[in-house]
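Input: a single structure, listed below in structure tokens.
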Amino acid sequence: MRRPKILGLVLRNFAKRPATIQYPRVKTPIEEDSRGVQYADLTKCTGCTLCALECPADAITMTPIPQGYEVTAKNPRRIYPLIDYSKCVFCYRCVKVCPVNAYIVTSKYDIAGPTRISSEEYSLSTLKKVS
Amino acid sequence: MVCNMGVTKVIEVPIITAEIPIGPQHPALHEPLLLKVYADGEEIIRAEVNTGYNHRGVEKLCEKNTFYRDLFIVGRVCGICNTVHANCYVRALEYLLDARPNNRARYLRVLAMELERIHSHMLINAVMAEIVGFDTLFMQIMLDRERVMKAKEILTGNRVLADYMIVGGVRRDIDEVKRARIRDLLLKLKPRVEYYKKVFMEDETIVKRLVDIGVLKPVDVTSHSLVGPVARGSGVKIDSRASDRYDAYDEIPFNVVTRTEGDSWARMMVRWDETLEAINMCLYILEKLPFDGNPVPDEKRLPRVIPHGESYARVEAQRGELTYYVMSDGRSPSPYRVKIRTPSFNNVINSAFMYVGLSIADVPVALTSLDPCISCMERVTVIDLEKNTRYKLTLRELAGGKV
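The listed protein sequences derive, respectively, from chains A and B.
Following numbering that gives the first Met the number 0 from start to finish, the first sequence increments by one per residue and tops out at 130.
Following numbering that gives the first Met the number 0 from start to finish, the second sequence increments by one per residue and tops out at 402.
Here it is as structure tokens:
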């Protein structure tokens, strides 16, 4: 039997570092502008519900902003888009159709976990609390 | 039975055929497909292809959602070929709207589709190496495939699901830095692909398992409507990119790769050659990318109503010719009908005759050489629109009576 063609490559690989990335101990290198977690900046959001209508995964529900937050006059109905990230497909349709460009985009991708994660904490952190 | 020659009894010895179901869950298959083979000893004497394990009702879902929401739904018909699905649907909409994207958008669309072709072909070649029991080669090809996945991430913002196409253009532009990075990645990838092509040509394990397995004659290919690299591996020169010249394929030079052997090995070699062609096309696009305006249309200002009419678009997906039929009634924000015909539908269902005469161990090899994509093909409802009647067809009729 002849020598396998790939033998040289295999031997060279012994001298190299492992290619496997030990996620989540080591973060995967990712582009800064890749499509990660997005959430609405409630200082800009007008509660128009356009993103919820356009979402192909039905991941966005318009939710009342809880009491104790300073809501701008632009949002008379006091509602904001709550994104369920376990449903979201990260297509960024909501980001592109927002008439007031209220969405903040990040490249955060490591959101898998035992609990359901939504944009509630991110979005409400953009508002000031009433003292 | 009593006979004059003194024979008093005839014992009939039946030919014992073993029915072997391969799939829908099987270690040798990566996709949910039931391939029922009947074997006489080791030799296959008949094969049946049973599908329906992955039907998700995407076409009905498209009718229930708006035109623009459908854009992201059709991209999820299949993960590996999401860009071509979206491109075909978007072009069907553009034909209805009579819109034409600018040159830069057309070049960027082709770039995304060709990057996808590179990673799809590398994937199926890696899977083929795994199927023949060459796991080291599988790992190596998948490691080098990461380069093109990175290039796709730089271009579209995601490794697999690009969501890159939109009516009138693309959803992201690239700058000079990104252009140089994609170019670097492709230049590093090219010698690796050439090396793997050489391994597939010369390695004893690969050649022994692939050569003369699942031979398809050109006449069988045309009579059974096989498309894509399967047809080109048998010497049938069929390619929608060359015949339709959609998007920027009329300006980008490329060759349609064909081989005359017609066996599993020829189909895999066609894929390696197409990968090299696709790398050259990507490098050409990155070099000659035109600057004739913004390729990213404002998604807030896209037309909400699609005019009444029907359109039919086709693209050359990685597995062959993919077609979309879109019908709009002119009033509703949703399409009246979306019909998808994928290449795997033709290639997998119509090729049951190919397995006859093979040994059982060669069945996974022959199937993998077709590059089956089951999630693509599971949409078999046919409605006769010409006669305005709805009736169900059997699988045999659907496949052109050649099962």
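Just so you know, even glycine gets a beta-carbon here, dropped at the ideal spot from N, CA and C.
Under the three-state DSSP convention, the category residue i falls into
i      : result
B:Y248 : helix
B:D134 : helix
B:S222 : helix
B:Y331 : The residue asked about is misnamed: residue 331 of chain B is Ser in this sequence, not Tyr. DSSP places B:S331 in coil when its eight states are reduced to three.
B:V169 : strand
B:Q139 : helix
B:A104 : helix
B:K151 : helix
A:E69  : coil
B:E260 : coil
B:T324 : Looking at the sequence itself, residue 324 of chain B is Tyr, so the reference to Thr does not match. B:Y324 falls in the strand class under three-state DSSP.
B:Y354 : helix
B:K8   : coil
A:A39  : strand
B:K236 : coil
A:K4   : coil
B:K216 : coil
Proximal chain A residues relative to residue i, where beta-carbon distance stays under 8 Å
i      : result
B:I373 : By Cβ distance, chain A contributes nothing, its closest Cβ being about 21 Å from B:I373, past 8 Å.
Host beta strand (DSSP E) of residue i (start-end)
i      : result
B:D39  : 33-39
B:G308 : 308-316
A:T60  : 59-63
A:L81  : 78-82
B:A91  : No beta strand (DSSP E) contains B:A91, which is instead part of the alpha helix (DSSP H) from 81-96.
B:V337 : 336-340
A:V104 : 102-104
Interface partners of residue i on chain B, CB under 9 Å
i     : result
A:C44 : Near A:C44 there are no residues of chain B at all, since even the closest Cβ is about 15 Å away, more than 9 Å.
Whole-angstrom distance between residue j and residue i, CA atom to CA atom
i      : j      : result
A:S117 : A:D83  : 5 Å
B:F199 : A:T27  : 31 Å
B:T16  : B:R45  : 10 Å
A:G7   : B:Q139 : 12 Å
B:A128 : A:L126 : 55 Å
A:R16  : A:L10  : 13 Å
A:I78  : B:L60  : 29 Å
A:M61  : A:P98  : 16 Å
B:I237 : B:C80  : 19 Å
B:G18  : B:G40  : Note that residue 18 of chain B is Glu in the sequence shown here, rather than Gly. Cα-Cα distance, rounded: 11 Å.
A:L123 : A:R115 : 17 Å
A:Y102 : A:Y91  : 9 Å
A:N100 : A:I64  : 19 Å
B:D361 : A:L52  : 50 Å
B:R68  : A:C93  : 11 Å
A:L96  : A:C54  : Position check: residue 96 of chain A holds Val in this sequence, whereas Leu was assumed. One C-alpha to the other measures close to 10 Å.
B:T380 : B:E58  : Note that B:T380 scores 48 on pLDDT, short of 50, meaning its location in the model is unreliable and no value can be drawn from it.
B:L185 : B:G319 : 24 Å
B:L275 : B:E30  : 27 Å
B:E309 : B:K287 : 35 Å
B:Y323 : B:A312 : 5 Å
A:I59  : A:C47  : 12 Å
A:A18  : A:N12  : 10 Å
B:V255 : A:T45  : 53 Å
B:R144 : B:E203 : 23 Å
B:D370 : B:M280 : 22 Å
Strand pairing of residue i, partner residues [DSSP]
i      : result
B:N49  : B:L33
B:G319 : B:A316
B:I19  : B:V36
B:E42  : B:D39, B:S358
B:M164 : B:V169
Amino acids of chain B, ordered along the chain, whose beta-carbon sits closer than 7 Å to that of residue i
i     : result
A:V96 : E298, K299
A:L8  : Q139
A:R34 : G156, N157
Neighbouring residues, chain A, relative to residue i (Cβ below 7 Å)
i      : result
B:Y88  : Correct list: empty, because the minimum Cβ distance to chain A is about 13 Å.
B:F71  : P55, V88, C90, R92
B:T274 : In chain order: nothing, as chain A lies at least about 18 Å away.
B:V198 : K4, I5
N- and C-terminal bounds of the alpha helix (DSSP H) containing residue i
i      : result
B:M267 : 263-287
A:V152 : Residue 152 of chain A is absent from the model: chain A starts at 0 and stops at 130.
A:I29  : Element bounds for A:I29: n/a, residue is neither H nor E.
B:R191 : 175-201
A:A51  : 49-53
B:R68  : 66-73
A:Y121 : 119-123
B:V229 : 228-231
B:P296 : Careful: B:P296 lies outside any alpha helix (DSSP H) and carries neither H nor E.
B:S368 : That residue, B:S368, is in no alpha helix (DSSP H); it is neither H nor E in DSSP.
B:A241 : 239-243
A:C44  : Neither: A:C44 is in no alpha helix (DSSP H) and is coded neither H nor E.
Proximal residues of chain B, C-beta to C-beta of residue i below 8 Å
i     : result
A:K73 : Neighbours of A:K73 on chain B: none; closest Cβ ~18 Å, over 8 Å.
A:E30 : E152, I153, G156
Proximal chain A residues relative to residue i, where beta-carbon distance stays under 9 Å
i     : result
B:Y67 : E53, P55, R92, V96
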